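Residue numbers (my numbering): 2 to 345.
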Amino acid sequence: MTALGVREIHEVGAAAFAWLSAHRGDFALGEDALTADGHVDATWKPLGELAQTCASVRAHTPPSDPLHTCASDLLRFAWQQTGRGELFLRLQQSEPFATYPLEIYSVFASAGLRHPRYEAAAATTARTRGWRLTEQEPTRRLGVLKAERRSGIRRPERDAEALRRTWLGGLPEPWTFERSAGYALTHVVFHLTDWGRTPAGVPADLAAYLAHWLPPWLDTCLDAGMWDLGCELLVVAASLPRPPDHATLQHAWTRIARAQHDSGALPQQAPDSRGDARADSWDEAGADPEPDFLQCYHSTLMAAFAAAQTVKYLTGEAHEDGAEDRAAYVGGAQNRYRGQGVPG
């Protein structure tokens, strides 16, 4: 199997963006987005994830890159869906202690799209004991703290305390890695690096731990056909101060590219959970039907994000602060370990 080069990885990202653009209507907020019984996971969550991916890709690509143009266009679409921020204010009034509106809003704020009245209302709520004492999973707590800062809210709770309560922050035995731990660790790294912008945000002990164990975890996920988690791990890999060697990334991308549909959609999971074996049979048996929107939108977003982040690393281009910290480690060969840990 020939490893993919930078151009082919970029093409995976371009195909993913083509699918996302063609399906932008599926990300639109419906009439139930503000109702008490609305399904957040089917309304705000997809839109927020679209916004986060597009804001990140726009930050990691030069303006001349078509991915940058497409990401900017979709980010504008997502912002318009929120009424240019007005719907966040309405959510604040109806669900003052829900954190998801602030988490999603902070994505737009990080891209310079702001709604001052919503920020003022959110800041008032954030000063209450009720907000501070809301019980949350440690990874979510870390994300909320980052969302507050993105939105101009400052309070004394420290990130380091939340970080060390997460799975990754505790440096667990590597063989305890499984699916839920994988998603938790990727989001911890997303929060620490501001979604890949500042690799130096990963503490030295976590960076060393991930440099050692991320390659086998990535291999294990791809062997299991976990394309969605595999792409998240690829984002992490290209966001670290000490990324894996180029061959590790390129071979992983070969497997992702084979799993991608011609339309650009990437399924969350290989249909029969045999991973590569299934992908290798597509040419002979014909591709499986494209999964429905909710079954592939997130993995397709992650493919687009991971492609942009990987190309940025492999080409050595610096579009954000922190690239110098990463460059200091580039060129040192990293040991590669396989066969450790089995996703659950």
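C-beta: ideal position from N, C-alpha, C; glycine also.
This structure is a prediction, so every number in the text was calculated from the model and none was measured.
Spatial neighbours of residue i within its chain, please: C-beta separation below 7 Å, excluding the five flanking residues on both sides.
i, result
"Ala305", "Gly14, Ala17, Phe18, Leu21, Thr54 and Val58"
"Arg151", "Ser107, Ala110 and Ser111"
"His11", "Ala308 and Val312"
"Ala123", "Gln93, Leu103, Ser152 and Ile154"
"Gln81", "none"
"Gly171", "Arg165"
So, with DSSP's three-state summary, where would you put residue i?
i, result
"Gly183", "helix"
"Ser73", "helix"
"Ala286", "With a pLDDT of 39 at Ala286, under the threshold of 50, the modelled position of that residue is not reliable, and no figure is offered here."
"Gly171", "helix"
"Leu241", "coil"
"Gly153", "coil"
"Gly26", "helix"
"Gln269", "coil"
"Phe98", "coil"
"Gly35", "Correcting the residue identity first, residue 35 is Leu in this sequence and not Gly. Helix."
"Glu158", "coil"
"Ser111", "helix"
"Asp246", "coil"
"Gly86", "coil"
"Met303", "helix"
"Leu48", "helix"
"Gln137", "coil"
"Phe191", "helix"
"Ala212", "helix"
"Phe178", "coil"
"Ser57", "helix"
"Val13", "helix"
"Ala225", "coil"
"Glu104", "helix"
"His252", "helix"
"Trp218", "helix"
"Gly197", "coil"
Looking at residue i and the ligand FAD, is the gap between the Cβ and the nearest heavy atom below 7 Å?
i, result
"Pro245", "No copy of the ligand FAD occurs in the structure displayed, which carries no ligand at all."
Looking at chain C, is there any beta carbon in it that lies within less than 8 Å of the beta carbon of residue i?
i, result
"Thr194", "As a matter of chain content, chain C is missing from the structure shown, which is built from one protein chain."
Quick one: what's got a C-beta closer than 8 Å to residue i's C-beta in the same chain, skipping five residues either side?
i, result
"Trp132", "Phe98 and Thr126"
"Asp27", "Pro47, Phe294 and Tyr298"
"Pro290", "none"
"Ser73", "Cys55 and Arg59"
"Gly264", "Reading off the sequence shown, one finds Ser at residue 264, where the question assumed Gly. Correct list, in chain order: Ala16, Ala19, Trp20, Ala23 and Glu291."
"Pro64", "Thr70"
"Arg85", "Leu114 and His116"
"Ala260", "Gly226, Trp228, Leu267, Pro268, Ala271 and Ala280"
"Gln296", "Pro268 and Gln269"
"Pro173", "Ala182"
Between residue i and residue j, is the Cβ-Cβ spacing less than 8 Å?
i, j, result
"Leu193", "Ala163", "no"
"Leu315", "His252", "no"
"Thr135", "Thr167", "no"
"Trp228", "Ile257", "yes"
"Glu96", "His116", "no"
"Thr100", "Val145", "yes"
"Leu235", "Thr311", "yes"
"Leu5", "Trp254", "yes"
"Arg180", "Leu230", "yes"
"Arg243", "Ala208", "yes"
"Ile105", "Trp196", "no"
Under 8 Å by Cβ, that's how I've got residue i and residue j pegged, so tell me the actual separation to the nearest angstrom.
i, j, result
"Ala307", "Cys232", "4 Å"
"Val189", "Leu241", "About 12 Å separates the two Cβ atoms, so there is no contact after all."
"Ala52", "Ala29", "Not confirmed; about 13 Å, so no contact."
"Glu149", "Leu103", "7 Å"
"Arg25", "Leu75", "6 Å"
Buried or exposed: where does residue i fall if 16 or more other Cβ atoms within 10 Å of its Cβ makes it buried?
i, result
"Ala161", "exposed"
"Thr301", "buried"
"Glu32", "exposed"
"Pro157", "exposed"
"Glu1", "The structure shown does not extend to residue 1, since the chain is modelled only from 2 to 345, so the question has no answer here."
"Asp206", "exposed"
"Gly317", "exposed"
"Arg8", "exposed"
"Arg128", "exposed"
"Arg130", "exposed"
"Thr36", "exposed"
"Asp42", "exposed"
"Asp220", "buried"
"Ser282", "With a pLDDT of 40 at Ser282, under the threshold of 50, the modelled position of this residue cannot be trusted, and the question is left open."
I'd like the list of long-range same chain contacts for residue i, defined as Cβ closer than 6 Å, with 5 residues on each side in sequence excluded.
i, result
"Thr62", "Leu68, His69 and Ala309"
"Ala319", "Its pLDDT being 40, under 50, Ala319 is placed unreliably in this model, and the coordinates cannot settle the point."
"Ala239", "Gln310, Thr311 and Tyr314"
"Gly49", "Ile105"
"Val237", "Thr187 and Val190"
"Gly183", "Leu230"
"Gly39", "Asp33"
"Leu169", "Leu186 and Val189"
"Glu120", "Ser152 and Gly153"
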